[in-house]
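A quick write-up on the structure given underneath.
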C-alpha cells in the first residue's frame with residue numbers, strides 16, 4: 135500500500151515538474167521571439183505600481199472644454215478633431231511630452247444629440263498611424279475607428295454617422311494595432327456625451343463643469359525627467375503606474391455649490407481597476423452604466439470599474455456643513471475632493487424613474503455563442519486563438535437577439551479580463567447563473583470578468599460590418615486577445 139502511494143506521489147511530482155518546464159519554455163520562446171529581457175518583455179509585473187501621490191498638493195480639477203462645431207446646418211454638425219503631440223505640466227518640474235486631441239493632453243468633450251448627423255474631420259499629426267474609435271457608440275463599421283479604419287501619419291479622414299442611441303457617457307480613443315496602449319498612455323482619450331429628450335427633461339445635475347463633471351481616472355509613471363517612458367515600464371500583463379491623474383490633474387478638488395453633484399466616471403487606465411467609494415462610507419446613487427440610464431437610481435456604497443467601463447453617480451452633499459471636504463477614493467488613493475462651498479442650489483430631489491428600461495431575465499435563454507478568455511502576458515487568447523486581421527472569428531445575422539456566455543478561465547496569475555464589444559450595447563443577464571446586481575442592469579459595452587467566473591449577456595447587432603471584441607486591458611489586447619465578428623444582413 136505504501137509503495138502505491140509513493141508511486142502516485144512521484145507521478146504527481148513529475149506532472150508538476152513537466153508543467154513548470156512547459157511554462158518556462160513558453161516564456162523563453164516569447165522572450166526570444168521579441169528579443170527582449172524579462173523586464174522589457176513585460177514577463178515580470180511592474181515593481182513601482184503602488185500609487186504614491188496621495189499627499190500631493192491639491193489642485194483644481196481640470197475640466198475638458200466642450201468642442202465647438204465648425205458649422206451646423208439643418209440636422210448636421212461638423213467638427214474637427216486632431217491627434218497631435220505637445221508638452222504638458224503634469225507634475226512639478228519639467229514638462230512632459232504628451233499626446234492629445236486639439237491640445238497637448240487628452241481631448242475636448244464632444245456633446246451630440248440623438249438624431250443628429252455627425253461629421254468629424256479627423257486629422258493625424260502624429261508620426262505614426264492612429265485611429266479614432268468611438269467607444270460605446272452604435273454605428274457602422276466604416277466609422278467605428280477600429281484597426282481597419284486607421285489614419286496614416288500626416289493624413290486626414292472624414293467620419294460620418296448618425297447618433298442613434300439614448301443619452302450616455304461614451305468616450306473616444308485610438309485603436310490601431312500595435313500602438314493603442316502606448317497612444318492612450320501618452321494621452322489620447324476624450325469624452326463623447328450623448329444627450330436626448332429624456333436626459334434634458336430629467337431633474338438631474340447637468341450644468342457641465344458646475345454640478346456635472348467628466349472624470350477620467352488614469353495611472354501613469356514618470357521617469358526622473360518627468361517623461362512617460364512607456365517602453366521602459368510596459369508589462370504584457372497590464373501596465374500599471376504609480377501616479378494618479380484625474381483629467382490630467384494630480385490630487386484634484388472641486389468647489390461645490392449644489393445639493394447634488396453628478397460624476398461621470400471613466401476608467402481610462404491601461405490595466406488598473408478601481409473601486410470608488412466616499413471616505414466617510416456614505417452612500418451615493420448610481421444612475422447609469424456604460425450605455426445609458428438605469429431604470430431608477432440605485433443606492434450604493436461602492437462601485438468597481440474595469441478599464442473602459444463607465445458609470446454615472448450622484449453624490450448628495452445636502453447633509454454636509456459648509457466648509458466640509460468629501461473625498462471620492464479608490465483604496466487609499468484620493469480620486470476627487472469635493473469642497474462644500476454651498477449645498478442649497480440645484481435640484482432638491484432625484485427622480486424616482488430615469489428611463490423606461492425593459493427588464494431582462496436569465497430564464498429560458500439559450501446560449502448561442504461561447505467566449506473563453508484565457509492565460510496571461512503574451513499567451514492570452516480568446517477561444518484559444520490570437521488576433522488576426524485576416525480572419526473572421528464569428529458571424530451573426532443583423533437584428534437577431536443572441537445570448538453569449540463569456541468565461542474567464544482560471545489561470546495561475548488570476549488575471550481579470552475587461553471584455554468589450556464594438557458597435558453595440560448589450561445587457562448583462564447573469565454572473566455564474568445568478569441574477570446580475572441591480573446597478574448592472576443597464577446597457578453595457580464592457581464588463582469586468584474575473585477568473586473562474588462566467589457571464590451571460592443579451593446582445594443584438596443592429597449595424598452590419600466587421601466589429602472587434604477584445605480584452606480592454608490594453609496590453610492584453612495588443613498581445614492578441616481580440617477577435618472579429620462579421621454582422622451580415
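In this note's numbering, the protein residues as written are 135 to 623. Where is the CB? At the ideal position from N, CA and C, for every residue including glycine. On a predicted model such as this, the values are computed, not experimentally measured, just so you know.
Would you mind reading off the limits of the alpha helix (DSSP H) that contains residue i?
i	result
residue 608	608-612
residue 315	314-319
residue 332	331-335
Apply the 10 Å Cβ neighbour rule to residue i and answer buried if 16 or more other Cβ atoms are within range, or exposed otherwise.
i	result
residue 193	exposed
residue 501	exposed
residue 228	exposed
residue 208	exposed
residue 455	exposed
residue 472	buried
residue 534	exposed
residue 413	exposed
residue 526	exposed
residue 184	exposed
residue 556	buried
residue 385	buried
residue 334	exposed
residue 453	exposed
residue 401	buried
residue 204	exposed
Output the distance between the C-alpha atoms of residue i and residue j, rounded to the nearest integer angstrom.
i	j	result
residue 368	residue 480	45 Å
residue 622	residue 188	50 Å
residue 429	residue 330	16 Å
residue 357	residue 230	10 Å
residue 415	residue 436	9 Å
residue 604	residue 324	20 Å
residue 241	residue 565	35 Å
residue 568	residue 202	45 Å
residue 432	residue 549	29 Å
residue 409	residue 448	16 Å
residue 552	residue 268	17 Å
residue 348	residue 197	7 Å
residue 489	residue 558	19 Å
residue 477	residue 451	6 Å
residue 181	residue 446	Residue placement at residue 181 is poorly supported in this model, since its pLDDT is 42, which falls under 50; the coordinates still yield a value, given next. Taking the straight line from one Cα to the other gives about 32 Å.
residue 504	residue 292	36 Å
residue 606	residue 278	16 Å
Taking residue i and residue j to be in contact with their CB atoms under 8 Å, please state how far apart those CB atoms are, rounded to whole angstroms.
i	j	result
residue 375	residue 353	4 Å
residue 77	residue 392	There is simply no residue 77 to check, as the chain begins at 135 and stops at 623 in what is shown.
residue 538	residue 591	5 Å
residue 310	residue 263	5 Å
residue 378	residue 351	7 Å
residue 217	residue 273	Between residue 273 and residue 217 the Cβ distance is about 19 Å, and since that is not below 8 Å, they are no contact.
residue 251	residue 289	Contact flag wrong, Cβ pair sits at about 23 Å.
residue 531	residue 425	Contact flag wrong, Cβ pair sits at about 22 Å.
residue 318	residue 248	No, residue 318 and residue 248 are not in contact; Cβ-Cβ is about 27 Å, not under 8 Å.
Locate the beta strand (DSSP E) running through residue i, then write down its first and last residues.
i	result
residue 366	Note, residue 366: premise wrong, no beta strand (DSSP E); alpha helix (DSSP H) at 364-367.
residue 258	251-258
residue 420	418-423
residue 472	467-479
residue 239	No beta strand (DSSP E) contains residue 239, which DSSP labels as neither H nor E.
residue 506	503-508
residue 269	267-269
residue 218	210-222
residue 448	444-450
residue 230	230-235
residue 535	535-542
residue 483	From DSSP, residue 483 is part of no beta strand (DSSP E); its letter is neither H nor E.
residue 244	244-247
residue 401	394-401
Taking 7 Å as the cut-off, is the CB of residue i close to at least one heavy atom of the ligand ADP?
i	result
residue 573	Absence of the ligand ADP from the depicted structure is noted, as is the absence of any ligand whatsoever, leaving it without description.
Can you confirm whether the stretch 224-238 touches the stretch 288-298 when touching is taken to mean that 3 or more C-beta pairs between the two stretches lie within less than 8 Å?
no
Hey, is the stretch 486-497 in contact with the stretch 454-474, meaning 3+ C-beta pairs nearer than 8 Å?
no
The stretch 510-529 touching the stretch 606-615, judged by at least three CB pairs closer than 8 Å
yes
So does the stretch 379-397 actually touch the stretch 442-460, counting three or more Cβ pairs closer than 8 Å?
yes
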